[in-house]
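Protein sequences appear in the order of chains P and R. Heads up: the first sequence begins at 1 in full-length UniProt numbering, then just goes up one per residue. Heads up: the second sequence begins at 1 in full-length UniProt numbering, then just goes up one per residue. All residues carry an ideal CB built from backbone N, CA and C; glycine is no exception. This one's a predicted model, so the numbers in the text were calculated from it and none came from an experiment. See structure below.
Number of protein chains: 2
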Amino acid sequence: MSVVKDTNIPFSRESLEQLLKRRFFYAPSFEIYGGVAGLFDFGPPGCAFQNNVIDVWRKHFILEEDMLEVDTTMLTPYEVFKTSGHVDRFSDWMCKDLKTGEIFRADHLVEEVLESRLKGDKSARGESVKDEEDEDKKKRKKKVKEIKNIKLEDDVVEEYENILAQIDGYSGPQLGELIIKHNITNPATGGALEPPIEFNLMFDTAIGPAGNLKAFLRPETAQGQFLNFNKLLEFNNDKMPFASASIGKSFRNEIAPRAGLLRVREFLMAEIEHFVDPEDKSHPKFDDVKDVKLRFLPKKVQESGSNDLIEMSVGEAVSCGMVDNETLGYFIARIYAFLIKIGCDPNRLRFRQHMSNEMAHYASDCWDAELHTSYGWIECVGCADRSAYDLSVHSARTGEKLVSRKALSEPRTVEEFEIELAKKKFGPKFRKDAATVEKWLLSRTQCELEDFAKKLEEHGRIVARIDGVEGAVELDPELIKIEKVKRTEHVREFTPNVIEPSFGIGRIVYSVFEHQYWARKDDAERGVLSLPPLVAPTKVLLVPLSNSSELQPIVKKVSSVLRKEKIPFKIDDSSASIGKRYARNDELGTPFGITIDFESAKDDSVTLRERDSTKQVRGSISEVVEAIKEITYSGVDWTKGTASLKPFNS
Amino acid sequence: MSVVKDTNIPFSRESLEQLLKRRFFYAPSFEIYGGVAGLFDFGPPGCAFQNNVIDVWRKHFILEEDMLEVDTTMLTPYEVFKTSGHVDRFSDWMCKDLKTGEIFRADHLVEEVLESRLKGDKSARGESVKDEEDEDKKKRKKKVKEIKNIKLEDDVVEEYENILAQIDGYSGPQLGELIIKHNITNPATGGALEPPIEFNLMFDTAIGPAGNLKAFLRPETAQGQFLNFNKLLEFNNDKMPFASASIGKSFRNEIAPRAGLLRVREFLMAEIEHFVDPEDKSHPKFDDVKDVKLRFLPKKVQESGSNDLIEMSVGEAVSCGMVDNETLGYFIARIYAFLIKIGCDPNRLRFRQHMSNEMAHYASDCWDAELHTSYGWIECVGCADRSAYDLSVHSARTGEKLVSRKALSEPRTVEEFEIELAKKKFGPKFRKDAATVEKWLLSRTQCELEDFAKKLEEHGRIVARIDGVEGAVELDPELIKIEKVKRTEHVREFTPNVIEPSFGIGRIVYSVFEHQYWARKDDAERGVLSLPPLVAPTKVLLVPLSNSSELQPIVKKVSSVLRKEKIPFKIDDSSASIGKRYARNDELGTPFGITIDFESAKDDSVTLRERDSTKQVRGSISEVVEAIKEITYSGVDWTKGTASLKPFNS
């Protein structure tokens with residue numbers, strides 16, 4: 001169904017948000033207790049819409065690609081995230097106002113203050129300040145309330161612009177230096193700030209009555225999938241490539257969340273982990289998508305200081321090397337198809353590659369599907385190549401092999417470093433630490449072994465620090481031998497690489513609201529949410545023209561047909577006018593209306609109304625329901641779906 | 001589809017559990033890190049089964065009854081659970097072995113030790129000890145490893161039996177007395193135990209960077225629904241009764257979970273909160289269910305020391321007052337229909353009423369749907385009448401009215417206590433506490449006001465302790481006046497009562513596995529999971545007879561038809577024998593097989609196999625797919641669904 005939006009009313013975020021709260025799409029959680037920043041509840045229409053989006057996601061990805069869906073726990077022991085790197089690196093930098101106790105996210109604060117100074121400078125120079133210019137930054141409500149018109153030196157302007165271009169790349173101490181150098185203070189009070197400290201974004205808790213098993217709420221569903229890798233591979237009869245998938249809540253203890261559904265502390269994710277042979281990242285279904293044309297913003301363009309999109313087919317993008325491989329390209333195209341299906345505007349969708357300094361610690365490459373909203377371009381789907389990072393670190397930590405094996409067409413000779421331990425000497429020398437030292441040595445990588453071999457040769461010993469062992473550990477050739485060894489292999493054993501499309505469902509849901517919200521011509525009050533029928537919370541509004549008992553049997557009849565067909569519907573038999581009843585449901589995104597009038601009582605005919613065009617057609621109950629089914633679930637358009645029905649003018 | 005189980009193999013929990021783990025229905029979470037008790041991951045077939053159960057639940061309850069589904073957060077601030085009573089009362093009693101540090105759940109320990117002594121006594125008396133007798137208690141792995149044959153005095157036996165009959169009703173200090181009196185120690189070491197202390201079962205964490213907003217992970221989804229009551233009522237156009245519903249994870253920090261999926265720390269719940277007028281708990285659709293015959297175990301029977309079930313219709317149960325009201329009866333019948341639909345054995349299902357001493361702190365009446373398993377009778381669905389408890393306490397705490405209003409057919413006169421404050425005197429007297437005292441006074445119940453009025457009259461003052469105010473607060477008639485006042489009301493304002501059907505999905509899922517697991521005649525190795533087609537993880541296994549390229553086009557053709565019809569299927573084109581391939585899928589609960597042979601290549605005909613009976617029929621691709629659809633999604637039985645297909649003997 002193509003959306004016809006006959007309007008002359010400009011988009012207003014405020015009126016959309018009022019609608020979403022008034023009709024309980026969502027609301028701040030615990031509102032009667034004053035609410036908690038970054039926590040939101042979905043009411044009936046929001047929840048139904050979200051469920052439908054998930055249902056489409058499951059069919060589009062899991063069913064279509066035979067993915068292995070798993071449901072893993074959110075409670076996760078400390079060790080898992082220590083290994084994955086989240087304990088050390090999943091954090092933001094915050095600084096505190098010593099006096100008021102107020103806490104700021106350091107990068108956001110520096111960014112906002114410098115931006116406001118640049119704006120003040122422009123005003124002082126008499127240049128007009130376009131609001132659009134910094135729409136990307138409106139993601140959060142401003143801390144800086146007032147812009148002061150102060151002219152800056154030209155070299156200062158240049159320096160600020162330079163800082164802003166790389167704002168996502170600074171470390172905490174660097175942010176601290178910027179804060180001092182540029183005299184950045186609490187914008188509200190001018191108060192001094194403490195140097196930035198790291199704040200880990202995971203919520204922590206403890207499992208069990210003794211309280212000594214430290215745990216976190218997961219910040220992503222991915223780890224649960226990686227830890228089950230061996231079971232999944234076995235379930236898949238040891239065949240590669242394959243993908244697992246998981247839909248569930250994750251958590252981030254944001255420092256100061258302030259952008260509605262776009263930055264929340266508890267959120268629904270849908271994540272795919274597609275495991276591939278690092279030597280073969282081709283995709284068998286790549287041909288199906290290679291002609292899909294998309295708009296890309298690659299790393300190189302951004303690094304040259306531009307935001308110009310490059311439009312090309314996925315096939316071209318892969319063959320020219322801009323997108324690294326077919327599997328990555330395939331998922332980018334499938335993500336696009338999914339987003340369009342659930343109501344994203346293709347003209348407000350781009351794929352942006354991460355720059356090297358903004359990538360998550362586990363990623364080797366990443367393309368984000370970004371949706372354009374009144375807050376700017378919003379990252380809604382990440383499509384990262386996590387390489388062999390996660391499987392490798394968990395394997396090294398637990399001693400459990402997480403690998404796939406492939407018979408070689410021809411045997412091959414490999415040279416590898418092998419380590420040999422004089423185990424009998426370990427006990428006397430290391431006593432209670434012997435097992436730890438052994439385990440540590442046996443889980444070293446090839447690179448590390450090469451390094452050890454060199455050291456042993458050059459210095460006659462290795463000195464190492466080992467987790468869980470006090471003091472330095474010294475090893476000499478009496479204890480270990482490291483040699484390069486030739487072996488003939490018939491089977492290649494490898495740690496799979498992972499391509500991870502990761503969807504933030506709440507952000508997508510909010511963006512669709514923005515893309516599909518409009519108001520009818522000359523009437524800003526008559527908001528419409530043109531949600532695609534497939535994902536609309538309710539598909540049909542049943543409207544009897546009057547409360548007359550004559551119409552009741554027809555209402556019952558239509559209801560029972562709709563219920564039998566499992567088409568979600570609502571009845572509105574209130575005394576409000578037909579127009580008012582439809583207007584209320586336009587706000588809820590209900591795509592169809594069935595009007596029951598006195599003619600219906602005579603011949604079982606009813607009127608079918610389409611939400612966006614307000615066009616009406618008439619036919620028998622079964623014809624009308626059939627049209628609704630075809631348009632909603634089979635993707636037929638309105639004209640074709642209602643071809644056999646008569647036009648109707650009320 | 002009626003299940004035909006041609007077997008002579010007795011049920012074995014061990015072989016079922018092996019199957020469930022081998023085929024990755026579920027597995028301990030973080031197994032490569034050693035696992036965490038009470039946390040489990042669902043693998044592909046378990047996850048798909050669970051999703052299908054949820055899908056049926058949503059259609060059976062939410063869609064059928066027009067319930068308002070919400071999705072609320074798991075992170076919940078301290079205040080909410082302080083008010084709801086969970087901070088003070090949602091706990092178990094635990095005791096610690098001073099020496100080993102081992103922690104026991106006090107009631108379970110007392111129960112287990114006394115039971116083992118009674119068993120030892122029976123053995124010593126030469127009586128046979130039936131295992132069935134205490135199957136209810138097998139829910140957890142035993143702490144007591146060895147039963148000693150020691151004869152007890154007759155009065156001791158009687159005392160132990162008495163204690164066990166009321167074991168769910170003891171307070172912590174009472175359990176402590178029992179432990180001392182009956183010399184109960186650590187069963188493994190004989191070591192002394194510390195007196196029981198209360199352990200709150202909620203996981204705690206903190207929200208925000210300052211760490212001062214204390215929060216819990218919810219132990220139930222209910223509170224999120226209660227807190228949104230006003231928004232839900234408004235969404236429902238202020239009409240009563242109505243129900244909200246929520247599907248999501250909840251958490252319980254169990255002291256020592258040891259019964260697989262039956263006692264876990266993170267679990268999926270589906271909860272309904274049906275809000276009714278306390279003066280009218282009739283249900284408009286009660287007539288539809290009144291003839292459903294169920295097996296009840298009411299409070300009175302249990303209190304008389306019996307476990308005999310009473311079989312009667314829901315209509316009778318309500319009219320004789322055993323089940324309190326129509327709404328409760330309606331939901332009991334609907335719960336029954338749901339459980340049967342997804343594969344529970346009706347002969348292993350009963351409704352047990354809670355005894356007064358075991359009810360949750362918020363409940364005024366409760367019936368559990370219990371399923372019988374090898375662990376005994378397991379509570380899987382609670383159907384509680386929470387009365388006005390939750391809405392009242394949240395309203396009192398927040399000052400937000402959580403009520404419904406109903407126009408009275410005739411105005412009526414009511415007498416109520418009203419409180420009048422001499423506000424001008426509050427400031428000078430209470431200073432900074434004035435607002436707190438005022439708010440506290442204005443949120444008192446009628447009973448409390450009556451009590452105050454009496455005290456004011458008798459003693460000329462009231463002395464109260466108020467949260468947040470230091471010291472006692474003294475109030476006299478100069479400050480407050482409390483009088484009984486007559487008013488004429490045209491509208492009745494009331495706090496709705498709540499009927500809450502609450503489903504533990506994991507427990508139901510596990511029970512269905514037990515109810516539907518069996519092994520083929522004379523072959524204990526050939527396990528079958530007879531999951532109903534509607535909820536089976538995969539509906540169809542596609543089996544080409546050979547790997548010949550001749551059969552490939554038919555495999556593709558059948559696949560594309562199944563995919564178009566959105567019927568989940570898998571292809572097994574491995575070189576294993578047909579029999580072996582089917583056996584593997586019997587374990588996965590796949591109800592249908594389509595065999596593709598060389599005949600298929602000629603005339604497009606295929607064979608359809610039914611899992612439980614292994615019956616086969618033959619027809620065209622479209623006929624066979626139509627039969628699968630009818631049986632799976634429309635509930636048609638095998639005989640009727642395949643009437644037009646030809647019998648086939650391979």
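Task: Opposing strand residues paired with R:Asp-71 [DSSP bridges] - done: P:Phe-42
- [ ] State the beta-bridge partners of P:Glu-273 as determined by DSSP.
- [x] P:Ser-244
Task: Euclidean distance between Cα positions of P:Thr-413 and P:Glu-493 - done: 13 Å
TODO: Starting from residue 670 of chain P, find everything on chain R with Cβ-Cβ shorter than 8 Å and list it in chain order.
DONE: Outside the displayed range of chain P (1 to 650) lies residue 670 of chain P, so it cannot be described from this structure.
TODO: Would you mind stating whether P:Gly-589 and R:Phe-235 have Cβ atoms separated by less than 9 Å?
DONE: R:Phe-235 sits away from P:Gly-589, with the two beta carbons spaced by 9 Å or more.
Open item on the list: What does the alpha-carbon distance come out to for the pair P:Asp-71 and R:Phe-24?
Closed with: One alpha carbon belongs to P:Asp-71, the other to R:Phe-24, and they sit about 12 Å apart.
- [ ] Compare the C-beta of R:Asp-204 with all C-beta atoms of chain P and state if any pair is closer than 9 Å.
- [x] yes
- [ ] Answer with buried or exposed for P:Ala-422, where buried requires no fewer than 16 other C-beta atoms within 10 angstroms of its C-beta.
- [x] An exposed status is given to P:Ala-422, since fewer than 16 other beta-carbon atoms sit within 10 Å of its beta-carbon.
Open item on the list: Need the endpoints of the beta strand (DSSP E) that R:Gly-172 sits in, please.
Closed with: Element bounds for R:Gly-172: not the beta strand (DSSP E) but the alpha helix (DSSP H), 172 to 181.
Task: Closest Cα partner of P:Phe-242 within the set P:Gln-223, P:Phe-275, P:Lys-640 - done: P:Phe-275
Task: Pick from P:Glu-69, P:Asp-280, P:Thr-185, P:Val-289 that is closest to P:Ile-272, judged by C-alpha positions - done: P:Glu-69
Open item on the list: Given this structure, state the Cα-to-Cα distance separating P:Lys-454 from P:Pro-428, to the nearest angstrom.
Closed with: 26 Å
Open item on the list: Since P:Ile-499 and P:Leu-328 should fall inside the 8 Å C-beta cutoff, what is the C-beta to C-beta distance between them, to a whole number of angstroms?
Closed with: 6 Å
Open item on the list: Just verifying my parser: in three-state terms, what is the DSSP assignment at P:Gln-353?
Closed with: strand
TODO: Examine chain P for any beta-carbon lying closer than 9 Å to the beta-carbon of R:Lys-139, and answer yes or no.
DONE: Model confidence at R:Lys-139 stands at a pLDDT of 42, short of 50, so the residue's coordinates are unreliable; what they give is reported in the following sentence. No, because no Cβ of chain P sits closer than 9 Å to the Cβ of R:Lys-139.
- [ ] Count the other C-beta atoms from every protein chain shown that fall within 10 angstroms of the C-beta of P:Gly-224, then say buried if there are 16 or more, exposed otherwise.
- [x] buried
- [ ] Could you pull out every residue in the same chain whose Cβ sits closer than 7 Å to the Cβ of R:Val-437, ignoring the five residues on either side in sequence?
- [x] Phe-426, Phe-430, Ile-466, Val-469, Val-473
TODO: Mind listing the chain R neighbours of P:Pro-77? Cutoff is C-beta to C-beta under 7 Å, in chain order.
DONE: Neighbours of P:Pro-77 across chain R, judged by C-beta separation under 7 Å: Phe-30, Tyr-33, Val-36.
Task: N- and C-terminal bounds of the alpha helix (DSSP H) containing P:Tyr-33 - done: For P:Tyr-33, there is no enclosing alpha helix (DSSP H), as DSSP marks it with neither H nor E.
Task: Where P:Arg-412 falls: helix, strand or coil (DSSP) - done: Note: P:Arg-412 maps to strand in three-state DSSP.
- [ ] Kindly indicate if chain P contains any beta-carbon less than 9 Å away from that of R:Val-80.
- [x] yes
TODO: Spell out the partners DSSP gives P:Leu-297 in its beta bridges.
DONE: P:Arg-352
TODO: To the nearest angstrom, report how far apart P:Lys-615 and R:Asn-237 are at their CA atoms.
DONE: Distance from the CA atom of P:Lys-615 to the CA atom of R:Asn-237, rounded to whole angstroms, is 27 Å.
- [ ] Determine whether the Cβ of P:Ala-583 lies closer than 9 Å to any Cβ atom of chain R.
- [x] no
TODO: Identify, in the order they occur along the chain, each residue of the same chain with its Cβ nearer than 7 Å to the Cβ of P:Glu-135, setting aside the five sequence neighbours on each side.
DONE: The predicted model places P:Glu-135 with a pLDDT of 43, which falls under 50 and marks its position as unreliable; any figure quoted below should be read in that light. Same-chain partners within the cutoff: Gly-376.
Open item on the list: Check for me: the beta strand (DSSP E) holding P:Thr-327 runs from which residue to which?
Closed with: Here P:Thr-327 belongs to no beta strand (DSSP E); instead the alpha helix (DSSP H) covers 326 to 341.
Task: Identified DSSP bridge partners for P:Thr-373 - done: P:Gly-376
TODO: Using a Cβ-Cβ cut-off of 9 Å, state whether P:Phe-251 counts as contacting chain R.
DONE: Closer than 9 Å: yes.
TODO: Identify, in the order they occur along the chain, each residue of the same chain with its Cβ nearer than 6 Å to the Cβ of P:Lys-137, setting aside the five sequence neighbours on each side.
DONE: Any reading at P:Lys-137 is ruled out, since the residue's pLDDT is 44, under 50, leaving its predicted position unreliable.
Open item on the list: If you measure between the beta carbons of R:Lys-96 and R:Thr-189, is that distance less than 9 Å?
Closed with: no
- [ ] State yes or no: is the C-beta of P:Ser-549 within less than 9 Å of the C-beta of P:Ala-270?
- [x] no
TODO: Indicate whether at least one CB of chain P lies closer than 9 Å to the CB of R:Asn-307.
DONE: no
- [ ] Could you tell me which residues DSSP puts in a beta bridge with P:Cys-320?
- [x] Per DSSP, none; premise fails for P:Cys-320.
- [ ] Measuring alpha carbon to alpha carbon, tell me which of R:Leu-227, R:Ala-407, R:Asp-476 ends up nearest R:Leu-391.
- [x] R:Leu-227
TODO: Closer than 8 Å, Cβ to Cβ, to anything on chain R: give me those residues from the region 92 to 125 of chain P, in chain order.
DONE: Met-94, Gly-101, Ile-103
TODO: Reducing DSSP to helix, strand and coil, say where R:Cys-47 ends up.
DONE: helix
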